[in-house]
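Asks: This is the structure I want to talk about, given as structure tokens.
Here it is in structure tokens:
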């Protein structure tokens, strides 16, 4: 099984996985395995993420979280491949997808591992009814817990991506530039996709919906520069 | 006659896989795990020690209220240790692998159980101190704070088998398992909050109302859900 199932090989023997990456031995089947595993892990964690609000939202988020991860990867795949070519790393689109999905699969393992813990915290600590103040506190606490878990998974993914690129790209400088471009592009697109597909944790003060009615009205960065920054700086928008 | 002190006799080797070996020679205990001998027995003994140690610690704390509460707390304490361990098994496996573990799943479980057992033994050793303050204090906040302070060294020494495992070549780095222990501690603390009150008798069951069927009992109100930090702060506040 260790040889056959690539996500398991990645978890149990990261060096062997990276050796396969370097030798270009991760084919379309391997990439599909990694992508499917990422979808599964995100779906399980997504259900835990929204479970406190309602089973319906849990189902929605189980579908939406894989969409965010998978969608972001596919949207930036071309850009990543072009960046790899411009930096003369010798990596093709298949290498790019294999490396990125490998990093995401490692993050997926962390999400899968912590899903029971997150579910327990949701069930034990978050009231689903009560005064507004109690619900607001519960919602904010949930946000913090999930942000911590997702950040941890993200950091592990970045570390894994960096380790893979160091093996695949001969020049350390080119590897660092490529990692910066990939992570920057992924974060830029992923944030917007996440913004469009909200709600995820589910505010207790809004109805449960698959997408907010204003999902396409403005983007995340317009929100940050139009509302958040003026508020923080004390300037009226 | 030479004027030298004869070397002390070599200490008797602790039985392999025993709790004594875990405390005195965690490196050797870890080597035994890596060797893969009698893993089932190791896990059983370690989990029993962890449950017993945790039960004793909470038993001591419960004397703050009464011996009846102490008995109830002992059962809760054992349950907390075992429940937290079971809930954290998936993360134990994944985080061990991220630490570069070359071990089988059963060996990883044995390593996690060893960490929990070390903490349990430390808790058992510190239980008399907690008991002394529990029976002679009037502030629940003080007893709760003391329990947390006393649990800190237990958490610290729970790492001993992890470093032993690294020396024995079972894992490459300790970071993943350190993180796992932090997750385990959070789950255990949240379980304490879920099973509260720990330092008081449970609230009496409500009297049946005239609308209830004769002989029926009114359902007890479920405790308010809250995060362990909030619970701890509230306990400290009430104790003031």
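Residue numbers (the numbering used here), protein chains in the order written: chain A, 50 to 286; chain B, 2 to 241.
Each residue gets a CB set at the ideal place from its N, CA and C atoms; glycine is no exception.
1. Between residue 88 (chain A) and residue 115 (chain A), which are expected to be in contact by the criterion C-beta below 8 Å, what is the C-beta distance as a whole number of angstroms?
2. Does any CB atom of chain B fall closer than 9 Å to the CB of residue 87 (chain A)?
3. For residue 74 (chain B), does the count of other Cβ atoms within 10 angstroms reach 16, so buried, or fall short, so exposed?
4. Whose Cβ in chain A lies nearer than 7 Å to the Cβ of residue 77 (chain B)?
5. Out of B:166, B:139, B:95 and B:108, which one is the CA nearest neighbour of residue 205 (chain A)?
6. Would residue 54 (chain A) pass as a contact of residue 91 (chain A) if the rule is Cβ separation under 9 Å?
7. If we define contact as Cβ-Cβ less than 9 Å, is residue 174 (chain B) a contact residue for chain A?
8. Would you verify that the beta carbon of residue 185 (chain A) is, or is not, closer than 9 Å to some beta carbon of chain B?
9. Exposed or buried, what is residue 281 (chain A) when buried is set at 16 or more other beta-carbons lying within 10 Å of its beta-carbon?
10. Identify the contact partners of residue 92 (chain B) in chain A, using a Cβ-Cβ distance below 7 Å as the criterion.
11. Beta-carbon within less than 7 Å of residue 250 (chain B)'s beta-carbon, same chain only, minus the 5 sequence neighbours each way: which residues are those?
12. Specify the secondary structure class of residue 107 (chain B) as computed by DSSP and reduced to three states.
13. Taking residue 92 (chain B) as part of the alpha helix (DSSP H), name the residues at either end of that continuous run.
14. Is the separation between the beta-carbon of residue 56 (chain B) and that of residue 192 (chain B) shorter than 9 Å?
15. With residue 19 (chain B) as the anchor, note down where its alpha helix (DSSP H) starts and where it stops.
16. For the segment 109-122 of chain A, which residues have a CB atom closer than 7 Å to at least one CB atom of chain B, in sequence order?
17. Considering only their Cβ atoms, is the gap separating residue 84 (chain A) from residue 150 (chain A) smaller than 9 Å?
18. Using only CA atoms, which one of A:122, A:102, A:104 and A:95 lies nearest to residue 80 (chain A)?
19. Relative to the C-alpha of residue 373 (chain A), which candidate in A:128, A:226 and A:155 has its C-alpha closest?
20. With three or more C-beta pairs closer than 8 Å as the rule, is the segment 96-113 of chain A touching the segment 245-254 of chain A?
21. Could you work out which residue in A:278, A:246, A:235 and A:66 is closest to residue 130 (chain A) when comparing CA atoms only?
22. Just the Cα atoms here: how many angstroms apart are residue 2 (chain B) and residue 28 (chain B)?
23. Since residue 148 (chain A) and residue 213 (chain A) should fall inside the 8 Å C-beta cutoff, what is the C-beta to C-beta distance between them, to a whole number of angstroms?
24. How many Å lie between residue 164 (chain A) and residue 157 (chain A) at the Cα?
25. Using 9 Å as the threshold, is the C-beta distance between residue 180 (chain B) and residue 172 (chain B) below it?
26. Relative to chain A, which residues along the segment 226-238 of chain B have a C-beta separation below 7 Å, given in chain order?
27. Is residue 125 (chain B) near residue 64 (chain B), with beta carbons less than 9 Å apart?
28. Taking only three categories from DSSP, how would you classify residue 139 (chain A)?
29. Once the 5 residues before and after residue 158 (chain B) are set aside, which same chain residues still bring their CB inside 8 Å of it?
30. If we define contact as Cβ-Cβ less than 9 Å, is residue 110 (chain B) a contact residue for chain A?
31. Using only the alpha-carbon positions, how far apart do residue 174 (chain A) and residue 227 (chain B) sit?
32. Anything in chain B within Cβ reach of residue 61 (chain A), meaning under 9 Å, just list it in chain order.
33. Within 9 Å of any Cβ in chain B, is that where the Cβ of residue 31 (chain A) sits?
Replies: Reading it off the structure:
1. 4 Å
2. no
3. buried
4. Near residue 77 (chain B) there are no residues of chain A at all, since even the closest Cβ is about 14 Å away, more than 7 Å.
5. B:95
6. no
7. no
8. no
9. exposed
10. 162, 163 and 166
11. Absent from the structure is residue 250 (chain B), since the part of chain B shown begins at 2 and ends at 241.
12. helix
13. 90-99
14. no
15. Counting along the chain, residue 19 (chain B) falls outside any alpha helix (DSSP H), and DSSP gives it neither H nor E.
16. none
17. yes
18. A:122
19. Any answer about residue 373 (chain A) is impossible in this case: the structure gives chain A only from 50 up to 286.
20. yes
21. A:235
22. With a pLDDT of 48 at residue 2 (chain B), under the threshold of 50, the predicted position of this residue should be treated as unreliable, though the coordinate-derived value follows. Roughly 39 Å between the two C-alpha positions.
23. 5 Å
24. 10 Å
25. no
26. 226, 227 and 228
27. no
28. coil
29. 119, 120 and 123
30. no
31. 4 Å
32. 98, 102 and 103
33. With chain A covering only 50 through 286, there is no way to say anything about residue 31 (chain A).
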